[in-house]
Amino acid sequence: MIDIWQEIYGTIRRNKLRTFLTGFAVAWGIFMLIVLLGAGNGLIHAFEASSSDMAMNSIKIFPGRTSKSYDGLKEGRRIRLNNEDVDITAKNFRKNVITAGATVEQGSVNISHGKEYVNVTLNGVYPDYTEVERVKSAGGRFINHIDIQERRKVIVINKKTADILFPRGQQAMGQFINGNGTAYQIVGLYENKEDRDTREAYVPFTTLQLIYNKGDTLNDIIFTTKELNTEEANETFEKDYRKAIGAHHRFDATDDGAIWIWNRFTQYLQQQKGMNILRTAIWIIGIFTLLSGIVGVSNIMLITVKERTREFGIRKALGAKPSSILWLIIIESVVITTLFGYIGMVAGIGATEYMNMVAGSQTMDTGMWTETVFLDPTVDVKIAIQATLTLIIAGTLAGFFPAKKAVSISPIEALRAE
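Okay, so the sequence shown: first residue is 239 according to our numbering, each after it adds one.
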């Protein structure tokens, strides 16, 4: 066995360029596959992370302006959503709606405690708000149904806001703060993922409508759905919903401008399709890159075997068995592809780790919040090992078949080979 290793080492030393070209084809194929998969995973992981903390089965309804005349009313009329629309959503669509709520806003409210104050936007919300939006509890509780029913003057503020109002480690929970002349008791703290906006505070929906004379108007309707598992089912639901709200506000059910429907589930399905296309494209490019490496190895091994045909003839003339010559070629192929395949795998994993270190949590400011667009561009080690093993097997076969053909030739014919 030692003799075989010495012979392989001698062959590699005599053919450094050929060995390098063979190894480079292997290493480059593995390296590019891992880097491409890592980059694709960075985009996919970012999408998964951005959607993991939100209810994908949720819909938000925003008011708009009519773009069509209807029932004697001119186009361009502003639609104002109200409390009755929430009731219509909950009662008329109970088959598909789990919970229905709404949001009403009051901007530029100064909340203060002692000498400290912060200018915030008050959001009147329902208890299900945290199921749909990125609001993570940092202590206490959120708005509940009793708060809504009794119109309690309770408030949930951002943890950073609490640190300003209550410096030097003072306890914020349970304390009262002043909001433009109204005393609110702090019942909870929250923190935004990606630090969207710290200057928002949450109070019961009914409380804000009462204190700020909002009447029954609201900014948007928000609800979660069930049994709407396809794009077709969601499209049908949206048509029926437009018809119901259109009948209440007297606008054409086909008027897309009257209300704007943000259906996160259909958006999620479309994004999933995009991610699947991206995955497929990356794998296709990666596989073709891998195939180019395999072709490169095969061509070089074919040349190697052809160049050594005379050598095989001499070996056979001296009494060497065909199996020993075949075994020599196979081991040489395995050694080269394994060594350079490992180098390519390590380099690829190193490149993805560097990519992760430099841009592993890339974000984009949308103007309202910060969105992660690139996250954890790494590859499962199992995939890297499988790709390396694939090239090793391909390299072995690339050396096996031409070698088998060469050793089957008689010594005389082999010695005649150019």
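Idealized CB from N, CA, C, for every residue including glycine.
Using only the heavy atoms of the ligand SAH, determine whether one of them is closer than 8 angstroms to the beta carbon of residue i.
i: K620; result: As presented, the structure is devoid of all ligands, the ligand SAH included, so that no description of it is given.
Am I right that residue i and residue j are in contact with their C-beta atoms under 8 angstroms? What's the rounded C-beta distance?
i: T341; j: I460; result: 6 angstroms
i: G339; j: V363; result: 7 angstroms
i: Y428; j: K391; result: In fact, because the Cβ distance is near 18 angstroms, the residues do not count as touching under 8 angstroms.
i: L516; j: G278; result: 6 angstroms
i: L528; j: L271; result: 5 angstroms
i: G637; j: I567; result: 5 angstroms
i: A641; j: L564; result: 5 angstroms
i: P615; j: G248; result: So it is not a contact: roughly 42 angstroms between Cβ atoms.
Excluding the 5 residues preceding and the 5 following residue i in the sequence, name in chain order all residues of the same chain whose CB lies nearer than 6 angstroms to its CB.
i: R502; result: M294 and S296
i: D366; result: T337 and G339
i: L403; result: H351 and E354
i: Y422; result: K391, I393 and I415
Exposed or buried, which one is residue i when buried takes at least 16 other CB atoms within 10 Å?
i: P405; result: exposed
i: Y440; result: buried
i: D494; result: exposed
i: F526; result: exposed
i: F414; result: exposed
i: Q344; result: buried
i: D433; result: With a pLDDT of only 46 at D433, under 50, the local geometry of the prediction cannot be trusted, and the value read off the model is given with reservation. Exposed is the call here.
i: Q447; result: buried
i: E371; result: buried
In its own chain, which residues sit with a C-beta less than 7 angstroms from the C-beta of residue i, not counting the 5 before and 5 after it?
i: W266; result: G531 and G582
i: G314; result: R303 and T304
i: E438; result: V358, T359, N361 and N396
i: K643; result: none
i: N418; result: V347 and N348
Can you tell me whether DSSP reads residue i as helix, strand or coil?
i: F404; result: coil
i: Y506; result: helix
i: N361; result: strand
i: Q423; result: strand
i: G412; result: coil
i: M606; result: Since pLDDT at M606 reaches only 47, below the 50 mark, its modelled position is unreliable, and the value read off the structure follows with that caveat. Residue state, collapsed to three classes: coil.
i: S375; result: strand
i: D433; result: With a pLDDT of 46 at D433, under the threshold of 50, the modelled position of that residue is not reliable, and the figure given next carries that caveat. Helix.
i: N457; result: coil
i: E465; result: coil
i: R386; result: According to the sequence as given, residue 386 is Ile; it is not Arg. In the structure shown, I386 sits in a helix (DSSP, three-state: H, G or I).
i: F285; result: helix
i: E369; result: helix
Note down, in chain order, each residue of its chain lying with its Cβ closer than 8 angstroms to the Cβ of residue i, except the 5 sequence neighbours on either side.
i: K477; result: A491
i: G407; result: none
Exercise. Give a yes or no on contact between the region 532 to 547 and the region 257 to 272, applying the rule of three or more CB pairs nearer than 8 angstroms.
Key: yes
Quiz item: Taking one C-beta from the region 275 to 287 and one from the region 542 to 550 each time, how about it: are there three or more such pairs within less than 8 angstroms?
Solution: no
Quiz prompt | the region 506 to 520 / the region 315 to 330 touching (three or more Cβ pairs under 8 angstroms) | solution = no
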